[in-house]
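One structure is given below, encoded as structure tokens.
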Amino acid sequence: MASLAVTRLTARLSSSRFSLLRRSVWTPPTVPKTKAFAVPRSAAAAKASTVPTTASAEDSAQSIATESDSSIGSELNVRTSEIPPSAPAILPELNEGTTDWSKSYHGLSTQAFSKEIAEILLAPVDSEDIEMKPDGLIYLPEIKYRRVLNKAFGPGAWGLAPRSETNVGPKIVSREYALVCQGRLVAIARGEQEYFDPSGIPTATEACKSNALMRCCKDLGIASELWDPRFIREFKAKYCIEVFAEHIPTKKKKKLWRRKDQPKFSYPYQE
């Protein structure tokens, strides 16, 4: 009986020791992701109660990003659907730093050209260079204007820039041009030229450009005497003559003008 009592006492002691060991082992408490950690009530208690855990913050950020992406995607879909499928892409026509001379007035009247250039442009026209049409109109050939510009500015330092499309009418071609010298707009004029057959349109287009150049050069003072009525009268009286000439095919006579140093009229007119 004594041995049995000892055995039962030993078993109870072992069971009590095992339960004490289990209680001494610490296990972390299970914290749900959506709840905040318990913080002792202090000055930071109010803030801690409103701050979510790291896991909940990541979940909230992910849900907000998902909603933002979906809203942006739907907005882009709406905007894309509003664009017509055949709408052309708008591309820049000019590189950065260039000037669109079809619209620009860059450099107009900013400053005068140098004294050397001005002397070349304003030089008196040589009477040997002036030509006369049979109807009595005096003019300077367009190549003379180009020579003056090349002498004043140098080849490549001036040019004609189109300001409009070529206008082709039933009998006349016209187009507006801008004269640009040393990167500055100097003058704008519309050139024109008649034509009598559609096959002559290319030639008339080139003559239209030369006519615009002649008109632009008036603003630079080149051969400005040709628009002076007094100079025209004196020149015609000194260098020109008006004669009767007969149109050979029709035998009709009319008065025509020519320079005195030019030969007499030939076919289709004869003096």
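Per the working numbering, the sequence shown starts with residue 9, numbered consecutively. Ideal Cβ placement from N, Cα and C applies to all residues, glycine included.
- Ranking Pro-170, Ser-172, Lys-226, Gln-190 by CA distance to the CA of Gln-119 puts Gln-190 first.
- In this chain, the beta strand (DSSP E) harbouring Tyr-185 covers 180-189.
- Annotation for Pro-257: no beta strand (DSSP E) segment contains it, and DSSP assigns it neither H nor E.
- Beta-bridge pairing by DSSP links Asn-175 to Ser-182.
- Under the Cβ criterion (8 Å, minimum of three pairs), the segment 149-160 counts as touching the segment 125-135.
- Contact check for Gly-229 against Lys-217 fails: the beta carbons are separated by 9 Å or more.
- For Leu-193, the enclosing beta strand (DSSP E) covers residues 192-202.
- DSSP, read as helix, strand or coil, puts Leu-168 in strand.
- Here Ala-186 really is in contact with Ile-196; their C-beta atoms are around 5 Å apart, less than 8 Å.
- Rounded to whole angstroms, the separation of the alpha carbons of Ser-135 and Gly-167 is 26 Å.
- Secondary-structure assignment with DSSP links Leu-264 through a beta bridge to Val-251.
- For the pair Phe-239 and His-255, the Cα-to-Cα distance works out to about 31 Å.
- In this structure, the beta-carbon distance from Trp-109 to Leu-193 falls below 9 Å.
- Classified as exposed, Ile-151 has fewer than 16 neighbouring CB atoms from the shown chains inside 10 Å of its CB.
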